[in-house]
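Novice:
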Amino acid sequence: MKKNIIFVVNPISGDLDKSNLIDAVQEFATTNHFDLEVYETTGKSDQKNIQALYNQYQPERIVVAGGDGTIKMVAEAMEEFDVIIGILPAGSANGLSVDLNLPVTIEENLKIAFLNRYIEMDMICINGKKSIHLSDIGLNADLVKNYEEGDLRGIWGYALQAFTTLKDSNEPFLATISANNEIVEHTARMIVIANSQKYGTGVVINPNGAMNDGKFELIILKNLDLLLIGKIITGNMPIDSDDVVIISTEKATIKTDYPVSFQIDGEYCGAQTDLEIHILHKQMKIAIP
2 MKKNIIFVVN
12 PISGDLDKSN
22 LIDAVQEFAT
32 TNHFDLEVYE
42 TTGKSDQKNI
52 QALYNQYQPE
62 RIVVAGGDGT
72 IKMVAEAMEE
82 FDVIIGILPA
92 GSANGLSVDL
102 NLPVTIEENL
112 KIAFLNRYIE
122 MDMICINGKK
132 SIHLSDIGLN
142 ADLVKNYEEG
152 DLRGIWGYAL
162 QAFTTLKDSN
172 EPFLATISAN
182 NEIVEHTARM
192 IVIANSQKYG
202 TGVVINPNGA
212 MNDGKFELII
222 LKNLDLLLIG
232 KIITGNMPID
242 SDDVVIISTE
252 KATIKTDYPV
262 SFQIDGEYCG
272 AQTDLEIHIL
282 HKQMKIAIP
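Note that my numbering gives residue 271 to position 270 of the sequence shown, counting from 1, and the numbers run on in steps of one.
1) Within 10 angstroms of its Cβ, does I178 collect 16 or more other Cβ (buried), or is it exposed?
2) Compute the beta-carbon to beta-carbon distance between I85 and R62, rounded to the nearest angstrom, for a pair I have assumed lies under 8 Å.
3) Considering only C-alpha positions, which residue in the set N33, N117 and E81 is nearest to N56?
4) What are the partner residues of R62, as DSSP defines its beta bridges?
5) Just curious, the alpha helix (DSSP H) that I289 is in, first and last residue?
6) Can you give the Cα-Cα distance for N209 and N196, rounded to whole angstroms?
7) Within 10 angstroms of its Cβ, does S98 collect 16 or more other Cβ (buried), or is it exposed?
8) Taking DSSP's pairing of strands, which residues face Q273 in a bridge?
9) So is N56 in contact with chain B if we call contact Cβ pairs under 8 Å?
10) Identify, in the order they occur along the chain, each residue of the same chain with its Cβ nearer than 6 Å to the Cβ of I255, setting aside the five sequence neighbours on each side.
11) What does a CB cutoff of less than 8 Å around I1 pick up in its chain, not counting 5 residues either side in sequence?
12) So, with DSSP's three-state summary, where would you put V204?
13) Alpha carbon to alpha carbon, how far is M2 from N110?
14) Look at the alpha carbon of N181 and the alpha carbon of D258, and state the distance between them as a whole number of angstroms.
15) From N102 to P173, what does the alpha carbon distance come to, in whole angstroms?
16) With respect to the beta strand (DSSP E) encompassing E109, which residues constitute its N-terminal and C-terminal limits?
17) Could you give the distance in angstroms between the alpha-carbon of I50 and the alpha-carbon of I6?
18) Taking the alpha-carbon positions, what's the V39 to A25 distance?
19) In angstroms, rounded to a whole number, what distance separates the CA positions of I192 and K130?
20) So, with DSSP's three-state summary, where would you put D244?
21) Looking only at its own chain, which residues have a Cβ that is under 7 Å from the Cβ of L225, when we skip the five neighbours before and after it?
22) Answer yes or no: do I206 and I220 have a C-beta to C-beta separation smaller than 8 Å?
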């Protein structure tokens with residue numbers, strides 16, 4: 002008996018042509034006796050369209066080809082439904098797939114997305130918006146903003162903007178953080194709101210994070226000199242340093258003394274002074290290796 006799978010593909014994510022990927026998915030589905038319904042995102046009414054497809058086909062899985070933004074959109078569309086989401090990394094930001102240790106080759110990823118076991122993964126709600134991976138205020142959000150506004154894509158685009166962002170960065174901000182029945186104040190260059198361990202570049206920012214433990218971490222980076230940045234980038238996150246404070250919690254508020262750049266899962270969300278954050282435990286089923 003054939004089983005239904007909806008395949009959601011973002012045709013423009015990562016500036017990559019998806020035709021070979023779509024062919025590979027269709028071939029895999031046929032070989033393994035799945036009925037495949039392909040949906041290409043347009044940026045208009047995608048959530049409603051995917052919900053309508055779900056109701057029509059009642060799939061056992063939804064396979065997503067895209068970056069973190071596409072995965073999050075599908076997860077939000079499927080919030081009320083019990084379905085496993087499989088990931089084929091194909092975006093400019095593939096942070097979640099890096100964190101899940103998904104393999105590089107399409108063949109291996111197809112097996113995982115269609116056939117493998119899954120975890121029930123948490124999401125984070127920040128000011129009413131969902132985050133599946135890593136969000137932050139401060140320096141990295143400035144970088145995301147500059148990257149979105151720049152012309153150069155890929156790793157060189159990030160490298161160029163990283164240099165510019167560091168050079169032009171604002172003064173540190175004062176953050177008042179309420180979490181675990183305590184209120185603390187820290188002067189910071191950046192605060193990461195982390196559901197997982199590492200950025201899409203592979204850089205580990207939250208060594209003890211787990212995506213299904215019912216908690217998120219606030220990683221407060223007080224100082225971001227080149228030495229600390231070098232340690233973080235080379236995988237030596239100095240969690241015992243005076244420059245880094247990590248708070249693990251189920252809910253928190255952050256108030257800053259002036260509006261600070263804020264991003265969710267690689268998408269710039271403007272400058273903010275107040276963040277209300279809470280965990281959404283076991284929000285989606287994600288296929289894993």
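Note that CB positions come from ideal geometry on N, CA and C, so glycine has one too. All values reported here derive from a predicted model rather than from experimental measurement.
Specialist: Looking at the atomic coordinates:
1) buried
2) 5 Å
3) E81
4) I6 and I85
5) Here I289 belongs to no alpha helix (DSSP H), and DSSP marks it neither H nor E.
6) 10 Å
7) buried
8) V261
9) Within the model displayed, chain B is absent; a lone protein chain is all it includes.
10) A176, I178 and L276
11) Any answer about residue 1 is impossible in this case: the structure gives the chain only from 2 up to 290.
12) coil
13) 23 Å
14) 22 Å
15) 34 Å
16) Looking at the DSSP string, E109 is not in any beta strand (DSSP E); the run it does join, the alpha helix (DSSP H), is I107 to L116.
17) Correcting the residue type first, residue 50 is Asn in the shown sequence and not Ile. Using only the alpha carbons, I get a separation of about 15 Å.
18) 12 Å
19) 17 Å
20) coil
21) L140, R190 and M191
22) yes
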